Amino acid sequence: MIELILVGSFLLLVFLGVPIAFSMGLSAVVTILYTSGMNALDPAAGVMYSSMSSETLLAIPFFVLAGVIMEISGISTRLIELADKCVGHRKSGLALTAIIAALLFAAISGSGPATVAALGAVLIPALVKHGYSKPHATSLLASAGGIGIVIPPSIAFIVFAVVASDYERVSIGRLFMAGVVPGLLMGLAFYLVARYLPRQMGQLLENTDQNLRKGAKRLGLARSATRTPAGGAAPSSDTSFETASATDGIITLEETTEPDADVSTRTKRAPWSEIGTAFLRAIPGLLVPVIILGGIYGGVFTPTESAVVASVYALLVGLFLTRDLKFKDFFKVFSTAGIQASTIMIIVAAASLYAYVITINGVASRVSDSLLSLTNNAILLILLVNLVLLIAGMFLDAVAAYYLLVPIVVPILLELGMDITTIGVMMTVNLALGLVTPPVGINLLVASSIAEIPYANAIRGIWPFLGAGIAVLMLITFVPQLSNWLPNLLGV
5 MIELILVGSF LLLVFLGVPI AFSMGLSAVV TILYTSGMNA LDPAAGVMYS SMSSETLLAI
65 PFFVLAGVIM EISGISTRLI ELADKCVGHR KSGLALTAII AALLFAAISG SGPATVAALG
125 AVLIPALVKH GYSKPHATSL LASAGGIGIV IPPSIAFIVF AVVASDYERV SIGRLFMAGV
185 VPGLLMGLAF YLVARYLPRQ MGQLLENTDQ NLRKGAKRLG LARSATRTPA GGAAPSSDTS
245 FETASATDGI ITLEETTEPD ADVSTRTKRA PWSEIGTAFL RAIPGLLVPV IILGGIYGGV
305 FTPTESAVVA SVYALLVGLF LTRDLKFKDF FKVFSTAGIQ ASTIMIIVAA ASLYAYVITI
365 NGVASRVSDS LLSLTNNAIL LILLVNLVLL IAGMFLDAVA AYYLLVPIVV PILLELGMDI
425 TTIGVMMTVN LALGLVTPPV GINLLVASSI AEIPYANAIR GIWPFLGAGI AVLMLITFVP
485 QLSNWLPNLL GV
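Numbering (the numbering used here), first residue to last: 5 to 496.
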């Protein structure tokens, strides 16, 4: 009955449109009132406050601040320029540019949605201009942005290390290094999809649009329309595209105009002088992960202190080196970072109360025992856990999912013989895929808003990328050396 009240009230609130943080907090309060009465609510405030005041979690607002400063000071544009100069001439070079730029910016921000927001305004219009369909371009960047929570420094890994410490201690530094190879594999998988499937995807989307227009004609709602298929000739900067949307059950056709993108069109490698110039301009951004990771593994500062150092460094670079950050921008910088960080910390507080209720009522152990009783086959159990994580990622962000699922999942996987590092990477890659998985898919929402297409259209292009991501997930799950090789090599 306790599980039914706890999970049922949570799902009901989510279904009613209540934000995730409040859904978790309210369902925890309802369960406490049912099991122990009003007096049992006394520890609730203390549980929530202590979770937010953790010294380790203090790194989150500072990493968020560093990412916002780097975005506003133009570092993201310089990273795009460097990637474009190096690989933009290759076949599907612009797709590779988008993925490399996402990997580089992920090493600064540690956040998936932040990576998409910083790069999307330039790269999505450029991809469309070069012949990619809008759903394809949107899905590519949303998927690449998901790597932001896998490549170090990762906010998700910080939260996992804190929550999982009750079961087995793992250092944040080890998790950071464990995310490098999986993050690169995800980038390679997404590039292969972008390189070998654009024409097929474009044809599929074209057929979908034709069927949509036929349906619109039958309803008497059609207008004349043209569309440039993916993989075809690049349209001019003033080419109009039509995107389908549904409003109150009525199909309409919306017309948008593509802006020019600051990404060049070349068939030959850029001159070495241009590559060198782009590299010099990108050095301030490239040094951020070097400073963070070098300081951590060199014993100069802790992960939390590294976040502070990154923020101060980003501020100095923006003010005195690139000079794109002005004092008048400070309000925008700190207000944006404050809103993003407070959103995360509110989720942490509510999720910690939810996890507290799970623990004191023995819910986690009962659910774990139930799952273990289903089968003795370790592979089937691991696949079942992955399925649960993928479903949870459709609705929850990484922070909430960790507090909700770590008490249930980690004991099961430890009993099956998986090491805590592999578990952390597996869960994080799962939740990275959740950032682009309908019906929520935060990265996909951000990318579709930048591309100015309905969310339903963006969903049409995500499936090949999601399939490639799941293939990498299976590889990471059953070949733990991929996650442990680099941390073991470095002795962390």
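Quick reminder that beta carbons are idealized off the backbone N, C-alpha and C, glycines included. Model, not experiment: these values are computed from the prediction.
Rounded to the nearest angstrom, what separates residue i and residue j at their Cα positions?
i	j	result
residue 157	residue 486	18 Å
residue 310	residue 304	9 Å
residue 447	residue 181	24 Å
residue 500	residue 337	The first residue shown for the chain is 5 and the last is 496, placing residue 500 beyond what the model contains.
residue 128	residue 16	36 Å
residue 419	residue 412	12 Å
residue 445	residue 197	19 Å
residue 273	residue 341	38 Å
residue 392	residue 285	44 Å
residue 68	residue 390	28 Å
residue 468	residue 409	27 Å
residue 451	residue 124	7 Å
residue 422	residue 133	46 Å
residue 491	residue 152	19 Å
residue 380	residue 424	21 Å
residue 439	residue 195	18 Å
residue 83	residue 361	45 Å
residue 264	residue 130	Because residue 264 carries a pLDDT of 40, less than 50, the predicted location of this residue cannot be relied on, and the following value inherits that uncertainty. Looking at the two C-alpha atoms, the distance is approximately 7 Å.
residue 42	residue 397	33 Å
residue 166	residue 276	45 Å
residue 313	residue 110	17 Å
residue 191	residue 36	44 Å
residue 105	residue 22	35 Å
residue 414	residue 436	18 Å
residue 162	residue 349	13 Å
residue 403	residue 473	20 Å
residue 433	residue 154	7 Å
residue 319	residue 53	29 Å
residue 178	residue 112	18 Å
Where does the unbroken alpha helix (DSSP H) through residue i begin, and where does it stop?
i	result
residue 433	424-438
residue 339	334-364
residue 75	63-76
residue 57	Careful: residue 57 lies outside any alpha helix (DSSP H) and carries neither H nor E.
residue 171	Taken as a continuous stretch (DSSP letters only), residue 171 belongs to no alpha helix (DSSP H), as it is neither H nor E.
residue 101	97-113
residue 330	Careful: residue 330 lies outside any alpha helix (DSSP H) and carries neither H nor E.
residue 272	Neither: residue 272 is in no alpha helix (DSSP H) and is coded neither H nor E.
residue 140	138-150
residue 382	382-397
residue 490	485-494
residue 455	446-455
residue 379	It is not in any alpha helix (DSSP H) - residue 379 carries neither H nor E in the DSSP assignment.
residue 474	467-482
residue 411	402-419
residue 129	116-133
residue 44	Counting along the chain, residue 44 falls outside any alpha helix (DSSP H), and DSSP gives it neither H nor E.
Please classify residue i: is it buried, with 16 or more other beta-carbons within 10 angstroms of its beta-carbon, or exposed?
i	result
residue 294	exposed
residue 462	buried
residue 332	exposed
residue 100	buried
residue 335	exposed
residue 59	exposed
residue 495	exposed
residue 493	exposed
residue 358	buried
residue 431	buried
residue 149	buried
residue 61	buried
residue 386	buried
residue 383	exposed
residue 416	buried
residue 14	buried
residue 119	buried
residue 443	exposed
residue 363	exposed
residue 74	buried
Does any residue of chain C bring its CB to less than 9 Å from the CB of residue i?
i	result
residue 140	Looking for chain C here will not work: only one protein chain is present.
The region 374-383 contacting the region 43-57, beta-carbon criterion three pairs below 8 Å: no
Determine contact between the region 164-180 and the region 322-331, defined as no fewer than three beta-carbon pairs at a distance below 8 Å. no
Below 8 Å, can you find three or more Cβ-Cβ pairs linking the region 282-299 to the region 143-151? no
Does the region 355-371 come close enough to the region 6-14 that 3 or more CB-CB pairs lie under 8 Å? yes
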